[in-house]
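Q: Protein chains in written order, with the working numbering: chain H, 15 to 125; chain P, 9 to 121.
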């Protein structure tokens, strides 16, 4: 089955800096790669997703890149703000299968 | 449109007790799943269902049972609770299985003494 590795487990940045979180996946047939943000005590919420027919997707300060050959994908947050502080999860799946998550990255943005 | 509703929000059990965590969605989603979240372990898949009458095991199914008699409901049963099952449990749903955004419930915080 699918296995998703996520790094780093913790990340501390200064406000205004960029943050990058990286994930690798094992199943070459996976074609859907979402990213979720979870604030303390809340449910995970989708912030951006990418499908295997696209190499990069951007939404304001957030971007995701996908390298199918290397089987890895990354989340990029630019101009970080204190409200970006949260736990971020990457995940992977293919049609008809369950979504498998990485172990998460705790991002701390200090002002 | 309530989305995904989980009950209860909090529960304390004694070792060996049984209970059912409820999950209901009103979006006519075919796919539903259960995850447990433990510190440093991320979200681990317990069981999932691609439609009414169909269920399958995830990464950590031992100690849990599920059934899917209707499209709307996907209850998770703990037959004999153990302290290792202390966790936060999330139910999620999507239109179909696989490459679709998952909608999560608010979670159930379960403590086993």
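Cβ atoms here follow ideal geometry from the backbone N, Cα and C, with glycine treated the same way.
For residue 112/P, go through chain H and note every residue whose CB falls closer than 7 Å to its CB, in chain order.
A: Those within 7 Å of residue 112/P in chain H are 57, 58.
Q: Using a Cβ-Cβ cut-off of 7 Å (strictly less than) and excluding sequence neighbours within five positions of residue 100/H, which residues of its own chain qualify?
A: These residues qualify, in order along the chain: 51, 52, 53, 121.
Q: For chain P, find out if any of its Cβ atoms is closer than 8 Å to the Cβ of residue 102/H; answer yes or no.
A: Taking Cβ atoms only, chain P never reaches closer than 8 Å to residue 102/H, which makes this a no.
Q: Give a yes or no on whether 8 Å exceeds the smallest Cβ distance from residue 84/P to chain H.
A: No, residue 84/P lies away from the interface with chain H (no Cβ there is under 8 Å from its Cβ).
Q: Could you tell me whether the segment 32 to 42 of chain H touches the segment 74 to 84 of chain P, where touching means 3 or more Cβ pairs closer than 8 Å?
A: At 8 Å Cβ cutoff, the stretches do not touch.
Q: Look at the alpha carbon of residue 27/P and the alpha carbon of residue 40/P, and state the distance between them as a whole number of angstroms.
A: Using only the alpha carbons, I get a separation of about 19 Å.
Q: Give the residues of chain H in contact with residue 97/P, contact being defined as C-beta atoms less than 9 Å apart.
A: Per Cβ cutoff of 9 Å: no residues; residue 97/P is ~12 Å from chain H at best.
Q: Is it true that the CB of residue 89/H sits closer than 8 Å to the CB of residue 12/H?
A: In the structure as shown, chain H begins at 15 and stops at 125. Residue 12/H is therefore absent and cannot be evaluated.
Q: Beta-carbon of residue 106/P versus every beta-carbon of chain H: anything under 8 Å?
A: Chain H, which has a Cβ nearer than 8 Å to the Cβ of residue 106/P, makes this yes.
Q: Throw me the rounded Cβ distance for the residue 116/H and residue 19/H pair, which I believe falls under 8 Å.
A: Confirmed, about 6 Å.
Q: In chain H, which residues lie less than 7 Å from residue 41/P when you measure between Cβ atoms?
A: Correct list: 112.
Q: Are at least three pairs of beta-carbons, each pair with one atom in the segment 88 to 106 of chain P and one in the segment 14 to 25 of chain P, less than 8 Å apart?
A: Touching, yes, given that three or more Cβ pairs across the two stretches are closer than 8 Å.
Q: What separation, rounded to the nearest whole angstrom, lies between the Cα atoms of residue 49/H and residue 113/H?
A: Computed Cα separation, rounded: 11 Å.
Q: Say whether chain P places a C-beta atom closer than 8 Å to the C-beta of residue 63/H.
A: Chain P contact via Cβ: present.
Q: Counting C-beta neighbours from all protein chains within 10 Å, is the total for residue 62/P 16 or more, i.e. buried, or is it exposed?
A: Burial call: exposed.
Q: Just grab the DSSP bridge partners of residue 96/H for me.
A: Note: residue 96/H sits in no beta bridge, so no partner.
Q: Judging by CA-CA distance, which residue of 118/H, 111/H, 94/H is the nearest neighbour of residue 27/H?
A: With distances taken between Cα atoms, residue 27/H lies closest to 94/H.
Q: For the beta strand (DSSP E) that residue 73/P lies in, which residues bound it at each end?
A: That run of the beta strand (DSSP E) goes 72 to 74.
Q: Using 8 Å as the threshold, is the C-beta distance between residue 36/P and residue 79/P below it?
A: Taking 8 Å as the Cβ cut-off, residue 36/P and residue 79/P qualify as a contacting pair.
Q: Have a look at residue 108/H and residue 96/H and give me their C-alpha separation to the nearest angstrom.
A: Cα to Cα, residue 108/H sits roughly 34 Å from residue 96/H.
Q: So for residue 91/P, helix, strand or coil by DSSP?
A: Helix, per DSSP.
Q: Closest to residue 124/H by C-alpha separation, out of 23/H, 33/H, 22/H, 68/H, would be which residue?
A: For the residues 23/H, 33/H, 22/H, 68/H, the minimum Cα distance to residue 124/H belongs to 33/H.
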